[in-house]
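So the structure is just underneath, and the comments pick up after that.
Residue numbers (the working numbering): 3 to 166.
Below, the structure written as structure tokens:
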């Protein structure tokens with residue numbers, strides 16, 4: 003079953019000048035994966051790449067009727083401290099998700115890692131936006147590599163070299 007599921011992980015910050023290119027690349031990859039039989043997509047609900055990925059899946063569901071979005075959230079209070087407009091976007095995405103999973107009730111030091119491991123453990127493919135060797139995204143991609151997931155980093159250059 004997990005072979006038919008794709009998870010997303012990526013940085014919270016996407017450079018403004020790269021957003022359109024990243025969004026276009028992400029959409030093409032999701033459509034390609036869908037055509038290969040992957041219908042379920044899991045996102046972690048964070049700002050940045052997670053939001054972009056969830057919004058893309060929601061938009062593509064209009065033409066890909068069997069496509070599903072599952073939000074895998076680290077805790078009930080994930081948006082504490084966020085700007086009101088970011089909370090509104092989060093709530094909108096949550097309302098449009100096909101299913102929502104919380105990996106913890108309250109915020110704890112390890113709840114983000116628990117969420118990230120859940121995403122990987124329940125997927126066969128990981129689409130990421132990874133440009134740094136450290137941090138939560140790098141941890142998640144390294145974990146996905148250990149779990150033998152297919153990894154598609156949309157932050158690679160046209161020459162095929164990863165931007166690290």
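Cβ atoms here follow ideal geometry from the backbone N, Cα and C, with glycine treated the same way.
Of the residues the options, which one's Cα is nearest the Cα of residue i?
| i | options | result |
| --- | --- | --- |
| residue 148 | 125, 157, 107 and 133 | 125 |
| residue 64 | 25, 98, 132 and 16 | 98 |
| residue 18 | 54, 135, 31 and 139 | 54 |
| residue 95 | 52, 77 and 66 | 52 |
| residue 76 | 150, 112 and 8 | 112 |
| residue 84 | 134, 49, 24 and 26 | 49 |
| residue 6 | 40, 31, 25 and 155 | 40 |
| residue 150 | 138, 10 and 122 | 122 |
| residue 134 | 9, 8 and 16 | 16 |
Does the Cβ of residue i have 16 or more other Cβ atoms within 10 Å, making it buried, or fewer, making it exposed?
| i | result |
| --- | --- |
| residue 44 | buried |
| residue 56 | buried |
| residue 86 | exposed |
| residue 167 | In the structure displayed, the chain extends from 3 to 166; residue 167 sits before or after that span and is not available. |
| residue 13 | buried |
| residue 3 | exposed |
| residue 22 | exposed |
| residue 132 | buried |
| residue 42 | buried |
| residue 80 | buried |
| residue 161 | Any reading at residue 161 must be qualified, since the residue scores a pLDDT of 42, below 50, and its modelled position is unreliable; the value itself is stated next. Exposed. |
| residue 110 | exposed |
| residue 78 | exposed |
Just list the residues that DSSP pairs residue i with in beta bridges.
| i | result |
| --- | --- |
| residue 101 | 72 |
| residue 10 | 129 |
| residue 22 | In DSSP, residue 22 forms no bridge with anything. |
| residue 45 | 73 |
Do we get a CB-CB distance below 8 Å when we pair residue i with the residues of chain B?
| i | result |
| --- | --- |
| residue 105 | Considering every chain present, this structure includes no chain B. It has just one protein chain. |
| said: List, from N- to C-terminal side, the beta strand (DSSP E) runs of 3 residues or more that fit wholly inside the stretch 115-155. | reply: 127-131 and 152-155
* Is there contact here, the stretch 114-133 with the stretch 85-99, by at least three beta-carbon pairs under 8 Å? -> no
**Message:** Closer than 8 Å is the cut-off here; do at least three beta carbon pairs connect the stretch 69-80 with the stretch 127-147?
**Reply:** no
I'd like to know if the stretch 102-109 and the stretch 126-135 are in contact, where contact means that at least 3 CB-CB pairs between them fall below 8 Å. no
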